[in-house]
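Protein chains in written order, with the numbering used here: chain A, 2 to 214; chain B, 2 to 214; chain C, 2 to 214; chain D, 2 to 214.
Heads up, the beta-carbon is just placed ideally off N, CA and C, and yes, glycines get one too.
Predicted, not measured: the structure shown is a model, and the values here were computed from it.
Below you'll find the structure, written out as structure tokens, and then a few comments.
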DNA sequence: AATGAATGAGCATTCATTCAT
DNA sequence: AATGAATGAATGCTCATTCAT
């Protein structure tokens with residue numbers, strides 16, 4: 002009897018089951034929003050049953066929160082890997098912007114999830130301590146570059162690091178989050194490679210022109 | 002007797018009924034998204050019954066589309082009122098940016114509706130001829146200013162008008178659309194008056210620094 | 002003003018309107034049964050509005066009854082045209098059967114309407130004096146033929162005319178009323194011309210074999 | 002404790018629940034037709050809730066189909082029990098007719114269901130493989146009797162077995178399916194015992210007179 | 001750790017009908 | 001004779017969730 006539990010190909014793999022549920026749930030929430038997503042649909046696409054979903058995450062909202070936390074955790078881990086201290090301020094800034102741009106471009110699911118969270122007034126995010134402590138790191142990095150740029154005279158403009166983060170985020174995020182309406186109205190595919198390269202350059206140039214001025 | 006027919010608040014007033022439904026529905030869709038909004042809730046807040054909602058708009062989706070079209074029609078009418086031809090290129094551009102900024106600031110409902118539409122991949126907008134023809138006007142205005150600025154030497158930078166529109170929109174839109182997550186993470190109220198004034202100035206400076214460079 | 006009413010192509014044509022409604026309603030009731038038929042659908046296919054339907058027929062049930070009465074009235078008028086008195090009993094009987102067969106074959110709508118009425122336990126028919134007095138004529142004709150046949154010795158079998166009418170009706174009616182299930186199960190198109198001719202002959206032969214025996 | 006699990010009337014009894022729903026649903030569909038039947042009404046008369054009805058049968062149509070399949074399955078099982086091979090052809094045929102007659106007489110619900118199915122052009126039956134394969138057995142039995150009768154000289158008439166099945170079915174089915182309209186028009190209760198015996202005899206005599214002739 | 005059966009409350013939608021003119 | 005606007009009550013169906021084992 003006990004041997005059965007250690008059999009190869011066993012079912013009992015809690016972490017694997019949870020991860021599988023989270024992946025499927027992410028897809029569904031991204032696809033249909035919080036209200037639009039269906040617990041039944043998520044369960045069906047899962048390797049396990051609907052009951053396990055409640056066993057591990059308690060409720061639809063609990064599952065959504067877990068999905069959100071997993072998505073934020075992913076970017077936080079990427080952010081810390083940048084090594085900008087050895088670059089000149091201007092180059093460091095370009096590198097940071099490019100990294101933000103590429104992240105949003107590569108992770109439309111994350112962008113969508115953040116949009117969904119805003120639709121619901123960030124009520125889930127606000128209720129989660131884990132989530133609120135997430136992004137503060139980005140600001141420290143920006144602040145450091147700005148300090149060095151101001152000291153070296155490369156940046157004449159004095160700027161609040163959170164304000165600057167907002168502008169960079171806006172340009173990078175909007176391109177992905179609003180690609181459907183913007184694309185439909187101006188008959189453009191914003192994901193097109195040529196356009197993408199042009200916009201990445203343009204955002205860098207815009208931010209740097211501002212900091213220099 | 003004939004006067005009675007023109008009395009305000011009379012029963013048989015199709016346009017009034019429709020407008021009343023649209024106002025209530027806008028609130029609900031803004032509040033809860035398309036899937037989250039409840040037809041019953043909308044109907045209850047209306048002067049009429051749920052049945053009339055279906056009488057005039059056919060379905061929840063039909064109602065949502067009407068709400069969306071009405072919202073877009075509103076901004077289109079505002080856009081055309083700007084008179085920028087008598088201003089120097091730099092001043093005209095500042096005026097356009099300010100107008101965009103103030104519009105998004107004053108109409109968080111519209112911003113939310115556009116976000117919701119993007120969550121649903123703009124499928125409703127794409128299916129509506131009325132909606133797709135809406136925003137082209139903005140581009141002509143930008144193009145005209147850019148042409149004058151390039152001619153006068155005020156703008157050294159050659160720029161695609163749609164690209165520029167995207168950057169301006171991003172900065173103005175994101176501030177409103179993402180105020181909840183951004184505000185929660187950085188502990189800031191983006192709607193605060195002081196911050197608002199600073200961001201308006203900042204966006205203008207940023208765009209102009211870019212165009213001059 | 003008064004002249005307008007006599008204008009060619011005028012709208013005011015009560016009988017025409019009623020007839021138009023009845024035709025459309027017949028189609029719909031035949032198509033979907035009493036419960037399945039939709040007043041809105043009927044109204045839409047009509048030249049007039051839904052309101053007129055209620056103006057003339059009072060209710061869905063009233064309309065259905067009018068449709069039923071019109072259908073029965075049609076067959077009654079056909080029946081009386083047969084002139085069987087100059088034929089030998091056997092020929093007269095064959096002629097009567099053929100006429101019944103051809104009527105049911107040519108009027109699947111009537112057959113369907115009668116089936117629908119039976120589904121609803123003939124409650125409408127029972128409540129209408131007009132309808133209950135309809136079919137008695139058929140019996141007199143049969144009785145007369147039987148009397149002559151018995152007198153001449155052509156029919157050895159003594160038979161109740163209503164019983165015989167039932168057998169003839171059954172064979173002719175079932176072929177039309179049950180053509181869908183019977184056709185599906187035995188993979189036959191009961192409306193096929195060859196089969197039709199064969200069945201008409203077969204029913205005549207069967208009834209006459211019985212009467213002779 | 003273990004005994005409790007086998008107690009009759011326990012809660013978790015899928016098959017019992019399904020059967021209970023099917024019985025109630027049969028009654029309702031027979032009573033009101035497909036469109037006229039109400040899911041709510043069916044649910045109320047059930048031991049369980051409306052939700053279970055959808056859990057097991059998916060939709061009103063799914064439930065109707067299950068009802069239809071169950072009804073056909075019942076007759077199929079009865080048909081196979083006849084043992085006609087040891088009877089003389091004439092007696093075998095009488096026995097078959099009597100059996101058909103008695104079945105329709107004893108199962109007006111089945112007759113009604115088939116009528117309803119015809120009103121809807123047998124669309125449900127056509128879409129169900131189970132249902133289409135149901136009745137072929139009857140034909141084999143008839144064909145066998147006819148072959149023996151023709152061989153022995155008892156039946157002079159050469160007849161297609163499906164045609165004959167149609168005539169027998171028509172006489173037996175019509176008596177039940179059209180009892181309401183026919184009864185109302187001729188002021189007869191077709192279910193009356195005396196009439197029933199007379200008609201059973203009459204149908205036998207009629208078919209045999211035909212086969213002999 | 002896992003599951004098939006069960007559920008109450010709520011969902012978008014449609015029904016036949018009537019009002020006011 | 002005719003009609004566009006309006007309606008209450010239902011209708012078929014689905015939701016996230018929990019029970020019993």
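Beta-carbon within less than 6 Å of residue 146 of chain C's beta-carbon, same chain only, minus the 5 sequence neighbours each way: which residues are those? Locating residue 146 of chain C in the third chain gives position 145, counting from the first residue. These residues qualify, in order along the chain: 90, 93 and 94.
Within 8 Å of any Cβ in chain B, is that where the Cβ of residue 116 of chain A sits? Mapped onto the first chain, residue 116 of chain A falls at position 115. For residue 116 of chain A, the answer is yes, since a Cβ of chain B falls inside 8 Å of its Cβ.
State yes or no: is the C-beta of residue 70 of chain A within less than 8 Å of the C-beta of residue 165 of chain A? The sequence position of residue 70 of chain A within the first chain is 69, counting from 1. The sequence position of residue 165 of chain A within the first chain is 164, counting from 1. Contact flag unset, no.
What separation, rounded to the nearest whole angstrom, lies between the Cα atoms of residue 110 of chain C and residue 116 of chain C? Position 109 of the third chain holds residue 110 of chain C. Position 115 of the third chain holds residue 116 of chain C. Going from the Cα of residue 110 of chain C to the Cα of residue 116 of chain C covers about 10 Å.
So is residue 7 of chain D buried or exposed if we call it buried at 16+ other beta carbons inside 10 Å? Numbered from 1 along the fourth chain, position 6 holds the residue referred to as residue 7 of chain D. Caution is warranted here: a pLDDT of 33 is assigned to residue 7 of chain D, below 50, making its placement in the model unreliable, and no coordinate value can be reported.
To the nearest angstrom, how far is it from the Cα of residue 217 of chain C to the Cα of residue 26 of chain C? Residue 217 of chain C lies beyond the range of chain C shown here (2 to 214); nothing can be said about it.
Would you list, in sequence order, the uninterrupted alpha helix (DSSP H) runs of no fewer than 4 residues that lie entirely inside the stretch 121 to 195 of chain D? 124 to 128, 130 to 133, 137 to 153, 162 to 178 and 180 to 187
For residue 131 of chain A, which residues in chain B fall below 7 Å Cβ to Cβ? In the first chain, the residue the question calls residue 131 of chain A occupies position 130. Those within 7 Å of residue 131 of chain A in chain B number zero; the least Cβ separation is about 12 Å.
I'd like to know whether the C-beta of residue 150 of chain C is nearer than 8 Å to at least one C-beta of chain D. The sequence position of residue 150 of chain C within the third chain is 149, counting from 1. No, residue 150 of chain C lies away from the interface with chain D (no Cβ there is under 8 Å from its Cβ).
Per-residue DSSP class, three states only, for residue 119 of chain B: As a first step, residue 119 of chain B is located in the second chain; it is residue number 118 there, counting from the start. DSSP places residue 119 of chain B in helix when its eight states are reduced to three.
Confirm, please, whether the CB-CB distance from residue 65 of chain C to residue 125 of chain C is below 8 Å. Here the question's residue 125 of chain C lines up with position 124 in the third chain. Here the question's residue 65 of chain C lines up with position 64 in the third chain. For residue 125 of chain C and residue 65 of chain C, yes; Cβs fall inside 8 Å.
Measure from the C-beta of residue 154 of chain A to each C-beta in chain B and report whether the shortest distance is under 8 Å. Residue numbering aside, residue 154 of chain A sits at position 153 when the first chain is read from its first letter. Answer no: the Cβ-Cβ gap between residue 154 of chain A and chain B never drops below 8 Å.
Rounded C-alpha distance that separates residue 73 of chain A from residue 39 of chain C: Your numbering for residue 73 of chain A matches position 72 in the first chain. Your numbering for residue 39 of chain C matches position 38 in the third chain. When rounded, the distance between both Cα atoms is 54 Å.
Pull up the CB-CB distance for residue 222 of chain D and residue 120 of chain D, whole angstroms please, since I reckon it's below 8 Å. Nothing about residue 222 of chain D can be reported from this structure: the residues present for chain D run from 2 to 214 only.
At a Cβ threshold of 8 Å, is residue 42 of chain B touching chain A? As a working note, residue 42 of chain B is residue 41 in the second chain. Judged by the 8 Å Cβ criterion, residue 42 of chain B is not in contact with chain A.
Run the proximity test for residue 127 of chain D: is its beta-carbon closer than 7 Å to any non-hydrogen atom belonging to the ligand SAH? What this structure holds is no ligand at all, so the ligand SAH is not there to describe.
Give the DSSP-derived three-state secondary structure of residue 214 of chain B in the structure shown. Looking up residue 214 of chain B in the second chain gives position 213. If DSSP states are grouped into helix, strand and coil, residue 214 of chain B belongs with coil.
Between the CA atoms of residue 62 of chain A and residue 4 of chain B - distance to the nearest angstrom: Walking along the second chain from the start, residue 4 of chain B turns up at place 3. Walking along the first chain from the start, residue 62 of chain A turns up at place 61. Because the pLDDT of residue 4 of chain B is 32, which lies under 50, any placement of that residue in the model is unreliable, and the number read from its coordinates should be weighed accordingly. When rounded, the distance between both Cα atoms is 56 Å.
Quick one: Cα of residue 54 of chain D to Cα of residue 53 of chain C, how far? Numbered from its first residue, the fourth chain carries residue 54 of chain D at position 53. Numbered from its first residue, the third chain carries residue 53 of chain C at position 52. C-alpha separation (whole angstroms): 40 Å.
Residues within the stretch 173 to 186 of chain A neighbouring chain B, beta-carbon criterion of under 9 Å: 173, 174, 175, 176, 178, 179, 180, 181, 182, 183, 184, 185 and 186
Helix or strand or just coil, what does DSSP make of residue 74 of chain B? Working through the second chain from its first residue, we reach residue 74 of chain B at position 73. DSSP places residue 74 of chain B in helix when its eight states are reduced to three.
Counting only Cβ pairs nearer than 7 Å, list the residues of chain C close to residue 126 of chain D. Locating residue 126 of chain D in the fourth chain gives position 125, counting from the first residue. Residues of chain C passing the Cβ test: 182 and 185.
Spell out whether any CB of chain A is found under 8 Å from the CB atom of residue 202 of chain B. Locating residue 202 of chain B in the second chain gives position 201, where the first residue counts as 1. So, not an interface residue.
Of the residues B:184, B:14, B:208 and B:78, the one placed nearest residue 57 of chain B, counting alpha carbons only: Your numbering for residue 57 of chain B matches position 56 in the second chain. That would be B:14, whose Cα lies nearest to the Cα of residue 57 of chain B.
Using only alpha-carbon positions, find the residue among B:186, B:177 and B:168 that is nearest to residue 203 of chain A. On the first chain, residue 203 of chain A is found 202 positions in, with the first residue counted as 1. Nearest of B:186, B:177 and B:168 to residue 203 of chain A, Cα basis: B:168.
At 4 residues or longer, and completely inside the stretch 22 to 52 of chain C: list those alpha helix (DSSP H) runs for me, N to C. 40 to 46
Assuming residue 212 of chain C contacts residue 163 of chain C (C-beta within less than 8 Å), just tell me the rounded distance between them. Along the third chain, read from residue 1 onward, the residue named residue 212 of chain C stands at position 211. Along the third chain, read from residue 1 onward, the residue named residue 163 of chain C stands at position 162. 15 Å between Cβ atoms; not a contact.
Could you compute how far the alpha carbon of residue 230 of chain C sits from the alpha carbon of residue 171 of chain D? Limits of chain C in this structure are 2 at one end and 214 at the other, which puts residue 230 of chain C out of reach.
Is residue 114 of chain A closer than 8 Å to residue 177 of chain A when the C-beta atoms are compared? Residue 177 of chain A sits at position 176 when you count from the first residue of the first chain. Residue 114 of chain A sits at position 113 when you count from the first residue of the first chain. No. Outside cutoff.
Cβ-Cβ separation, residue 143 of chain B to residue 97 of chain B (assumed contact under 8 Å), whole Å: On the second chain, position 96 is the one that residue 97 of chain B refers to. On the second chain, position 142 is the one that residue 143 of chain B refers to. Yes, they are in contact, since the Cβ atoms of residue 97 of chain B and residue 143 of chain B sit about 7 Å apart, within 8 Å.
How big is the Cα-Cα spacing for residue 183 of chain D and residue 123 of chain C? On the fourth chain, residue 183 of chain D is found 182 positions in, with the first residue counted as 1. On the third chain, residue 123 of chain C is found 122 positions in, with the first residue counted as 1. The alpha-carbon atoms of residue 183 of chain D and residue 123 of chain C are separated by roughly 9 Å.
Among residues of its own chain, excluding the 5 on either side of residue 46 of chain C, which ones have a beta-carbon nearer than 7 Å to its beta-carbon? Taking the first residue of the third chain as position 1, residue 46 of chain C is located at position 45. The answer, listed in chain order, is 25.
In terms of alpha-carbon separation, which member of D:194, D:200, D:181 and D:155 lies closest to residue 209 of chain D? Position 208 of the fourth chain, counting from 1, holds the residue named residue 209 of chain D. The option with the nearest alpha carbon to residue 209 of chain D is D:155.
Under 9 Å Cβ-Cβ, which residues of chain A neighbour residue 78 of chain B? As a working mapping, residue 78 of chain B is identified with position 77 in the second chain. Residues of chain A passing the Cβ test: none, with the nearest at roughly 16 Å.
Length of the line joining the Cα atoms of residue 50 of chain A and residue 44 of chain A: Locating residue 50 of chain A in the first chain gives position 49, counting from the first residue. Locating residue 44 of chain A in the first chain gives position 43, counting from the first residue. Rounded to whole angstroms, residue 50 of chain A to residue 44 of chain A spans 6 Å at the Cα level.
Is any beta-carbon of chain B found at less than 8 Å from that of residue 119 of chain A? Mapped onto the first chain, residue 119 of chain A falls at position 118. So, interface residue.
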